[in-house]
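Enquirer: Protein sequences, first through last, are from chains B and P.
Each residue of the first sequence is one higher than the one before, starting from 31 at the first, in the numbering used here.
Each residue of the second sequence is one higher than the one before, starting from 31 at the first, in the numbering used here.
Idealized CB from N, CA, C, for every residue including glycine.
2 protein chains.
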Amino acid sequence: MAPHSNDAPADGSPYDADLMAAVTELGDALRGLVDASVRTAVPVEDLRAAAAGARELTTQLAAARRPAGRLSPLDDIRAFRQVYNMVSGVGSALAPPVVVRVVEDGVLAETTFGLAYEGPPGFLHGGMTGLVMDQVLGAAAIHAGLWGMTARLEIDYRGPVPLDTPVVLVGRVTESAGRKTIVTGTIALATDPDTPLIEARGVFVTPRAEQMQSYFSGVSDASGRPSPPGRPTDATAPLPADGAR
Amino acid sequence: MAPHSNDAPADGSPYDADLMAAVTELGDALRGLVDASVRTAVPVEDLRAAAAGARELTTQLAAARRPAGRLSPLDDIRAFRQVYNMVSGVGSALAPPVVVRVVEDGVLAETTFGLAYEGPPGFLHGGMTGLVMDQVLGAAAIHAGLWGMTARLEIDYRGPVPLDTPVVLVGRVTESAGRKTIVTGTIALATDPDTPLIEARGVFVTPRAEQMQSYFSGVSDASGRPSPPGRPTDATAPLPADGAR
Numbered sequence: 031m032a033p034h035s036n037d038a039p040a041d042g043s044p045y046d047a048d049l050m051a052a053v054t055e056l057g058d059a060l061r062g063l064v065d066a067s068v069r070t071a072v073p074v075e076d077l078r079a080a081a082a083g084a085r086e087l088t089t090q091l092a093a094a095r096r097p098a099g100r101l102s103p104l105d106d107i108r109a110f111r112q113v114y115n116m117v118s119g120v121g122s123a124l125a126p127p128v129v130v131r132v133v134e135d136g137v138l139a140e141t142t143f144g145l146a147y148e149g150p151p152g153f154l155h156g157g158m159t160g161l162v163m164d165q166v167l168g169a170a171a172i173h174a175g176l177w178g179m180t181a182r183l184e185i186d187y188r189g190p191v192p193l194d195t196p197v198v199l200v201g202r203v204t205e206s207a208g209r210k211t212i213v214t215g216t217i218a219l220a221t222d223p224d225t226p227l228i229e230a231r232g233v234f235v236t237p238r239a240e241q242m243q244s245y246f247s248g249v250s251d252a253s254g255r256p257s258p259p260g261r262p263t264d265a266t267a268p269l270p271a272d273g274a275r
Numbered sequence: 031m032a033p034h035s036n037d038a039p040a041d042g043s044p045y046d047a048d049l050m051a052a053v054t055e056l057g058d059a060l061r062g063l064v065d066a067s068v069r070t071a072v073p074v075e076d077l078r079a080a081a082a083g084a085r086e087l088t089t090q091l092a093a094a095r096r097p098a099g100r101l102s103p104l105d106d107i108r109a110f111r112q113v114y115n116m117v118s119g120v121g122s123a124l125a126p127p128v129v130v131r132v133v134e135d136g137v138l139a140e141t142t143f144g145l146a147y148e149g150p151p152g153f154l155h156g157g158m159t160g161l162v163m164d165q166v167l168g169a170a171a172i173h174a175g176l177w178g179m180t181a182r183l184e185i186d187y188r189g190p191v192p193l194d195t196p197v198v199l200v201g202r203v204t205e206s207a208g209r210k211t212i213v214t215g216t217i218a219l220a221t222d223p224d225t226p227l228i229e230a231r232g233v234f235v236t237p238r239a240e241q242m243q244s245y246f247s248g249v250s251d252a253s254g255r256p257s258p259p260g261r262p263t264d265a266t267a268p269l270p271a272d273g274a275r
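1) On the DSSP bridge list, what partners appear for Y187 (chain P)?
2) Does the region 76-90 of chain P touch the region 105-115 of chain B, meaning 3 or more C-beta pairs lie closer than 8 Å?
3) Nearest CA to the CA of A225 (chain P): which residue from P:V68, P:R188 and P:D164?
4) At the level of alpha carbons, what is the spacing between R96 (chain B) and P192 (chain B)?
5) Contact between the region 142-162 of chain B and the region 135-153 of chain P is defined here as three or more beta-carbon pairs at a separation below 8 Å; is this criterion met?
6) Using CA atoms only, rank isn't needed, just tell me which of B:T195, B:A125, B:V235 and B:V197 is closest to V213 (chain B).
7) How about the region 168-186 of chain B and the region 155-173 of chain P: do they share at least three Cβ pairs that are nearer than 8 Å?
8) Is G156 (chain B) close to chain P, meaning its C-beta is less than 9 Å from at least one C-beta of that chain?
9) Please report the Cβ distance between G160 (chain P) and V203 (chain P), rounded to the nearest whole angstrom; I am assuming they are in contact, meaning their Cβ atoms lie under 8 Å.
10) Does the distance from the CB of V113 (chain B) to the CB of T141 (chain B) come in under 9 Å?
11) Kindly indicate which three-state DSSP category D106 (chain P) falls into: helix, strand or coil?
12) Quick check on the burial criterion: 16 or more other C-beta atoms within 10 angstroms. Buried or exposed for F110 (chain P)?
13) For A169 (chain P) and G201 (chain P), which I take to be in contact (beta-carbon distance under 8 Å), what is that distance rounded to the nearest angstrom?
14) So that I know if they touch, is there some Cβ in chain P lying closer than 9 Å to that of P127 (chain B)?
15) Taking 9 Å as the CB-CB cut-off, is G62 (chain P) touching chain B?
16) Using only CA atoms, which one of P:S257, P:L63, P:L101 and P:S118 lies nearest to R85 (chain B)?
17) Helix, strand or coil for V236 (chain B), going by three-state DSSP, please let me know.
18) Helix, strand or coil, according to DSSP, for D48 (chain B) in the structure here?
19) Can you tell me whether E184 (chain P) is buried or exposed, with buried defined as 16 or more other CB within 10 angstroms of its CB?
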């Protein structure tokens, strides 16, 4: 997976490629471990040994920590690059990950949900659908230069989404006025992309300047500079003129 | 955490308490590891060493695997006990976990979302809200004897949910007719439970007999017996008379 492709838009500030590769390697390894942990049938003593091993790794990783509110040096919040994003982040053990690509009229993503995301036996957890669609719809808004926070999310379930089966997710902006953007999207089997199993609609609203200040005044990039999210062209966010699209 | 409390209702078939304790221990250890992995600031070589360690644990856990469609021996799908449930499962590395309790008029849950669940800096991912509310609303339906699959989910975001802060989640059935159940719920700060940050409404529908057959005919319990989900009193699911509520 291209380290740059974890969210849309794909550009942003330069980053340490070695660190990105290592974070991606750890993310991949942890995703494999999470998957093994829900499929395993090893005896009790082996489960306990694995737990001890995991606690040891935790101690090693906890030797140095990011301060609260300080973004990862790999993140560029103005370009919506978040390596630990729980849906699309290359470094997130929770993420399938869903790799979002920009296409002509919105965004397109492909993924396969493993057993860790099970709800009814054999099928995707109904709530996971909401999680990934929020991300895909939000990415479509961002691509259109219309970043906002989710104000309303509606999901209609036309059929259960099977596990361990490739699916395609799409999102496109259907309406935009002032600070409000409406985005719709679907999830379908990769082999039958025109028959939606899930239909979603999201309303995203860019916070007013005073809300932005209240929510994000404590956020800084890895060098300590204030780094709130925001629309690239929005006066509510202190973006440089050469900032991300 | 009581091993029995990972979903509502809390009863069901007996289980191997040693195995439950070991699965819970591994779940706890992996949740700690996931948290450490997103907060860490250790150098590249330490990230790579942790990745190697995680791959080793994966190999150990993969030594024995559950067959596809076979539930964990700890699960009782008729009592909606799923130890690897990604929201409430004691064994799930993805779960906060959200521990759901039955109260007089529905269900109540308390949890604290860590940094792994971040969306906008400092706040819960908007989609994670959908994931946990689907689980909480579904648990309320189950408690009322009205299990169904999610047909529609609506989330209204009144304010951002802060990370690392205790929150309370509630769900209650507001309407039920035939196979359809409507459940509403909220998320609020534990210190201000009457001011919802999130309002949710879910429509759950119990599949018809032929759908149940089509969706779940391959599901079996740990001993190999067919074990589909279903309403306890529903002729669509082959439940024993003394089955779970």
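Expert: With the structure as the only source:
1) For Y187 (chain P), which the question treats as bridged, DSSP gives the partners P:I228.
2) In short, these stretches do not touch, since the Cβ pair count stays below three.
3) Note that residue 225 (chain P) is Thr in the sequence shown, not Ala. Of the listed residues, the one whose Cα sits closest to T225 (chain P) is P:R188.
4) Rounded to the nearest angstrom, the gap between the Cα atoms of R96 (chain B) and P192 (chain B) is 38 Å.
5) Contact fails: fewer than three Cβ-Cβ distances are below 8 Å.
6) Distance from the Cα of V213 (chain B) is smallest, within the candidate group B:T195, B:A125, B:V235 and B:V197, for B:V235.
7) At 8 Å Cβ cutoff, the stretches touch.
8) With 9 Å as the cut-off, G156 (chain B) counts as an interface residue toward chain P.
9) Contact flag wrong, Cβ pair sits at about 19 Å.
10) Note that the C-beta distance between V113 (chain B) and T141 (chain B) is not below 9 Å.
11) Looking at D106 (chain P) - three-state DSSP - the assignment turns out to be strand.
12) The C-beta of F110 (chain P) has 16 or more other C-beta atoms within 10 Å across all chains shown, which makes the residue buried.
13) Approximately 6 Å separates the beta-carbon atoms of A169 (chain P) and G201 (chain P); this is inside 8 Å, confirming the contact.
14) Among the residues facing chain P, P127 (chain B) is not included, as its CB has no counterpart in that chain under 9 Å away.
15) Judged by the 9 Å Cβ criterion, G62 (chain P) is in contact with chain B.
16) Ranked by how close their Cα comes to the Cα of R85 (chain B), the residues P:S257, P:L63, P:L101 and P:S118 have P:L63 in first place.
17) Looking at the sequence shown, residue 236 (chain B) is not Val but Thr. Looking at T236 (chain B) - three-state DSSP - the assignment turns out to be coil, as it is neither helix nor strand.
18) The DSSP-derived three-state label of D48 (chain B) is helix.
19) When all chains shown are included, E184 (chain P) counts as buried.
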